[in-house]
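Below: the structure, in structure tokens.
Protein chains: 2
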Amino acid sequence: MSGTQENLRSHCPVNYGLEAFGDRWALLILRDIIFRGKRKYGDFLQSEEGVSTNILASRLTRLVEEGILERAEDENDGRKSIYKLTPKGLDLIPVIFEIILWSAKYDKHSQAKLIPRLVQQIKSNNRELSGDIIRRVANGEAILKTYLD
Amino acid sequence: MSGTQENLRSHCPVNYGLEAFGDRWALLILRDIIFRGKRKYGDFLQSEEGVSTNILASRLTRLVEEGILERAEDENDGRKSIYKLTPKGLDLIPVIFEIILWSAKYDKHSQAKLIPRLVQQIKSNNRELSGDIIRRVANGEAILKTYLD
């Protein structure tokens, strides 16, 4: 997470992705938005992995700078921000889905066991599934609850 | 890259993946093996992103501990090691391909422009393509040269 468009270590397409979002905490923020519908700093802070306040703040700023998130004023409290995925951020959904598929295969204690239907759909056709999920997340839906059987 | 199977912050399938390989330098090592057929410490050290010696050594050790890479003795020089992907490591190829697809779309200077055929194949059917590429990489092939038109 050290580069910007103008200051990349290389334009190798693997490196570009990793400089933009290739940080554990950054991708966990995206997970929280996609699966749990989180939008606020305080909500991200409560995730079970225990992100620290300074790391969370720096990653949110960075994701906005990268054009992956956009920040808006909270309608109910103008001192607070809400975050949502841009189209560039929504297009990371297929990447996150491939990570889920890999973890479901190799983590014997994986919580992916709770969402077998999603895992199966990723395996069958990630591209088609992602198109559908992108539309739902763009509409503010939290998709996790629809996959917990 | 701070967890192990026994010491994970959560078994969320996104988090599991990120704790295992979710580090920029770790994924660049995998890229170098898959695309460029690199196998040795000295070869990884020369990549254009400029990894430092201590980060490279720590990431190689970590990827071996995670079961993503295996280390063997170099037949030509017993003091040196060669690294190759395990089946668990090879199964990260579809993840890396999705990152490439995303970067090809959003990085206007992307080197992905040099490999349009690969980008198109990822888009059409990542799963099928990955099955083929996994077999080729397992056989020690460096795939980049076959995609540079």
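Chains as they are written, first to last, in our numbering: chain A, 1 to 149; chain B, 150 to 298.
Even for Gly, the Cβ is constructed at its ideal location relative to N, Cα and C.
Next on the checklist: For a test of the three-state rule: what should DSSP assign to K105(A), helix, strand or coil?
Outcome noted: Along the first sequence, one-based indexing puts residue 105(A) at 105. It is helical.
Checklist entry - For the segment 233-256 of chain B, which residues have a CB atom closer than 7 Å to at least one CB atom of chain A, in sequence order? => result Taking 7 Å as the upper bound on Cβ-Cβ separation, chain A lies near residues K237, D240, L241, P243, V244, I245, E247, I248, I249, W251, S252, A253, K254, Y255 and D256 of the segment 233-256 of chain B.
Checklist entry - By a C-beta neighbour count over all protein chains shown, 10 Å radius and 16 as the cutoff for buried, is N164(B) buried or exposed? => result As a first step, residue 164(B) is located in the second sequence; it is residue number 15 there, counting from the start. Here N164(B) is buried: its Cβ has 16 or more other Cβ atoms, across all protein chains shown, within 10 Å.
Checklist entry - Does any residue of chain A bring its CB to less than 7 Å from the CB of P265(B)? => result The sequence position of residue 265(B) within the second sequence is 116, counting from 1. No, P265(B) lies away from the interface with chain A (no Cβ there is under 7 Å from its Cβ).
Checklist entry - Roughly how many whole angstroms lie between the Cα atoms of L114(A) and A261(B)? => result Here residue 114(A) refers to the residue found at position 114 of the first sequence. Here residue 261(B) refers to the residue found at position 112 of the second sequence. Looking at the backbone, the Cα of L114(A) and that of A261(B) are separated by about 36 Å.
Item to check | Minimum Cβ-Cβ distance from E49(A) to chain B less than 7 Å | outcome: Taking the first residue of the first sequence as position 1, residue 49(A) is located at position 49. By this cut-off, E49(A) is an interface position.
Item to check | Span of the beta strand (DSSP E) around I84(A) | outcome: Against the first sequence, residue 84(A) aligns to sequence position 84. Looking at the sequence itself, residue 84(A) is Lys, so the reference to Ile does not match. Residues D77 to L85.
Item to check | Residues that R136(A) bridges to, as DSSP identifies them | outcome: Along the first sequence, read from residue 1 onward, the residue named residue 136(A) stands at position 136. Answer is none; R136(A) lacks a bridge partner.
Checklist entry - Where do the N-terminal and C-terminal ends of the alpha helix (DSSP H) with A20(A) fall, by residue? => result Position 20 of the first sequence, counted from the start, is the residue given in the question as residue 20(A). Bounds of the alpha helix (DSSP H) holding A20(A) are P13 to F21.
Item to check | Start and end residues, beta strand (DSSP E) containing E219(B) | outcome: For this step, residue 219(B) is matched to residue 70 along the second sequence. Counting along the chain, the beta strand (DSSP E) containing E219(B) begins and ends at L218 to D223.
Checklist entry - With 16 other CB atoms within 10 Å as the buried threshold, where does A72(A) fall? => result Along the first sequence, read from residue 1 onward, the residue named residue 72(A) stands at position 72. Around the C-beta of A72(A), fewer than 16 other C-beta atoms lie within 10 Å, and the residue is accordingly described as exposed.
Next on the checklist: Measuring only the C-alpha atoms, how far is L157(B) from L167(B)?
Outcome noted: Indexing the second sequence from 1 puts residue 157(B) at position 8. Indexing the second sequence from 1 puts residue 167(B) at position 18. Answer to the nearest angstrom: the Cα atoms are 10 Å apart.
Checklist entry - Given that A261(B) touches chain A, what residues does it touch there, using C-beta distances under 8 Å? => result Translated into positions along the second sequence, residue 261(B) becomes position 112. Per Cβ cutoff of 8 Å: P13.
Next on the checklist: Just to confirm, is the Cβ distance from R62(A) to W25(A) under 7 Å?
Outcome noted: In the first sequence, the residue the question calls residue 62(A) occupies position 62. In the first sequence, the residue the question calls residue 25(A) occupies position 25. The answer is no: Cβ separation not under 7 Å.
Checklist entry - Taking 7 Å as the CB-CB limit, is L18(A) close to chain B? => result What you label residue 18(A) is simply residue 18 of the first sequence in a count that begins at 1. Yes, contact with chain B.
Item to check | Cβ neighbours of L148(A) in the same chain (closer than 7 Å, five flanking residues each side left out) | outcome: Residue numbering aside, residue 148(A) sits at position 148 when the first sequence is read from its first letter. Correct list, in chain order: L114 and I115.
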